[in-house]
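Heads up: the sequence shown at position 192 corresponds to 269 in this note's numbering, and the numbers run straight through without jumps.
A virtual CB, placed ideally from N, CA and C, is assigned to each residue, including glycine.
Here is the structure we will look at, set down as structure tokens.
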Amino acid sequence: MRSKTPSMMPPHPVHAVVDGVHHPLPQGEKERRVCVARIGAAHGLRGEVRLWTFTEDPMSVMRYGPLTTRDGARQLEVAHARAAKDHLVATFTGVTTREEAERLNGTELYVARDKLPKTDDDEFYHADLIGLAAVDAAGTTLGTVAAIHNFGAGDIIEIAPAQGPTLLLPFTDAVVPTVDIAGGRVVIEIPGEIGGDKPDFD
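Here it is as structure tokens:
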């Protein structure tokens with residue numbers, strides 16, 4: 078899977094967000110902004126937070142300048158950051174108490190897309206996949222890509238059929254062998270242990 082990993086942002090550029098879920102932005106807005114980080118729980122008493130970044134170089138979030146919240150109502154700039162086991166411990170300018178840090182828990186942080194490296198023809202950001210048609214190898218429509226999740230054990234692609242529950246599948250080359258951004262589709266190979274003979278999307 079050749080997703081673009083910017084030196085400044087999402088392993089696949091743009092993942093998840095609240096509770097590891099990437100929520101699609103309003104039409105047109107996702108073309109301009111990309112989610113590069115998610116704030117977790119407060120750490121310590123002086124405004125530090127756990128920060129999960131969706132960038133090739135986690136520390137690159139400090140080079141973006143002010144980041145915006147999903148609704149665009151607030152800007153937050155990383156003042157300091159240090160590496161932890163699988164995340165950063167960071168502070169934001171103007172956030173100095175644990176109480177202020179706790180209120181940021183779950184906040185998604187976005188950067189203007191034009192600040193990110195351009196993708197090559199065989200690369201993409203996860204945000205590019207939201208809304209694409211999901212089809213099987215025979216071209217039968219399974220639904221649309223609703224979200225890309227990451228709960229710490231690898232990326233998960235969520236497919237929303239026209240009706241019924243969504244389908245969560247590993248976002249691997251075996252399960253998603255083709256990502257065709259220009260063609261507006263992804264090809265899905267349903268794993269037998271997940272889908273049986275074939276799930277019913279009708």
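On the criterion of 16 or more Cβ atoms from any shown chain inside 10 Å, does residue i qualify as buried, or is it exposed?
i           : result
residue 130 : buried
residue 104 : Reliability of the predicted coordinates at residue 104 is poor, the pLDDT of 45 falling under 50, and no value is obtained from them.
residue 115 : buried
residue 262 : buried
residue 228 : exposed
residue 224 : buried
residue 179 : exposed
residue 230 : exposed
residue 176 : exposed
residue 232 : buried
residue 143 : exposed
residue 135 : buried
residue 168 : buried
Could you give the residue range of the alpha helix (DSSP H) that holds residue i?
i           : result
residue 235 : Unbroken run through residue 235 is the beta strand (DSSP E), 232–237; no alpha helix (DSSP H).
residue 133 : First-last for residue 133: undefined, no H or E at that position.
residue 175 : 175–179
Please state the DSSP three-state secondary structure of residue i.
i           : result
residue 161 : coil
residue 147 : coil
residue 123 : coil
residue 142 : coil
residue 269 : helix
residue 240 : coil
residue 220 : strand
residue 261 : coil
The ligand MN and residue i: does the residue's C-beta get closer than 7 Å to at least one heavy atom of that ligand?
i           : result
residue 213 : The model on display carries no ligand, and the ligand MN is accordingly not part of it.
Would you kindly report the start and end of the unbroken beta strand (DSSP E) that includes residue i?
i           : result
residue 115 : 110–120
residue 247 : 244–247
residue 257 : 255–257
residue 172 : Note, residue 172: premise wrong, no beta strand (DSSP E); not H, not E.
residue 252 : That residue, residue 252, is in no beta strand (DSSP E); it is neither H nor E in DSSP.
Kindly provide the ranges of any beta strand (DSSP E) runs that are 3 or more residues long and lie completely inside the region 181–217, ordered along the chain.
185–189, 210–212
Between the region 165–179 and the region 108–127, are three or more C-beta pairs nearer than 8 Å?
yes
Please confirm if the region 199–207 is in contact with the region 253–272, defined as three or more CB-CB distances below 8 Å between the two stretches.
yes
Could you say if the region 238–250 and the region 190–199 meet the contact criterion of at least three C-beta pairs nearer than 8 Å?
no
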